[in-house]
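These notes are about the structure you will find just below.
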């Protein structure tokens, strides 16, 4: 994923192509989250630096948001130290001035399901996460929908909205009204005005949304 802070671009995580490999098979093909690629549009140059601290597991499909010099990374399909793939619902913070990672541990047990390919923005003291692909959700919490995968009904697409308050360190699921977007993954969510975010695209099963 790529985000920008002021006049600098940051690229984190993802897969790298390995020569003569048709499919992604192992840990070595995912990018270490300690390896931060930084782009300067003024100089037109890339450089790679090493971050420290509580580094997230390597993987792909994370979503990111920015506030000042902090980058927030949520979820994803990660690869743990034993080389096992697993969905995640952890939230990490990267201080781009000190290049230090920090795990933001919730102060209670209410949190989103594990998922990847969500979208996230920062707004008024918190990060907001919408939708994604992962395990079945608890639809008793608020007005949301789950579309199961046709091959495995315990995973699928959702249209949940979650907010993590950076002051209280708590997740909450706001009750949504109006024309709620359908469940999806691999979409974008972008702040375009002081109190407005724009949702675009995504996928549910074989259907692409535009």
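In my numbering, the protein residues as written are 40 to 249. We put the beta carbon where it would ideally sit given N, CA and C, even for glycine. The structure displayed is predicted, hence computed values, not measured ones.
Helix, strand or coil for residue i? Go by DSSP, reduced to three states.
i, result
"residue 68", "helix"
"residue 102", "strand"
"residue 135", "coil"
"residue 209", "strand"
"residue 123", "coil"
"residue 112", "strand"
"residue 141", "strand"
Can you name, in chain order, every residue of its own chain whose Cβ lies under 8 angstroms from the Cβ of residue i, other than the five neighbours on each side?
i, result
"residue 84", "78"
"residue 87", "74, 75, 76 and 77"
First and last residue of the beta strand (DSSP E) that includes residue i?
i, result
"residue 192", "Neither: residue 192 is in no beta strand (DSSP E) and is coded neither H nor E."
"residue 78", "74 to 79"
"residue 231", "227 to 232"
"residue 238", "235 to 239"
Which residues in the same chain as residue i place their Cβ atom closer than 7 angstroms to its Cβ, once the five residues preceding and following it in sequence are excluded?
i, result
"residue 99", "52, 53, 54, 69, 115 and 116"
"residue 108", "44, 134, 135 and 136"
"residue 124", "116 and 118"
Going by DSSP, which residues form a beta bridge with residue i?
i, result
"residue 158", "169"
"residue 48", "43 and 78"
"residue 130", "113"
"residue 90", "Residue 90 pairs with nothing; no bridge assigned."
Kindly list the residues whose CB is nearer than 6 angstroms to the CB of residue i, restricted to its own chain and excluding five residues on each side of it in sequence; keep chain order.
i, result
"residue 66", "Below a pLDDT of 50, predicted positions are generally treated as unreliable, and residue 66, at 48, falls in that range; the measurement from the model is reported next regardless. The answer, listed in chain order, is 118 and 122."
"residue 211", "202"
"residue 167", "160 and 202"
Do the stretch 195 to 207 and the stretch 229 to 237 touch if we need at least three Cβ pairs shorter than 8 angstroms?
Result no; under three Cβ-Cβ pairs closer than 8 angstroms.
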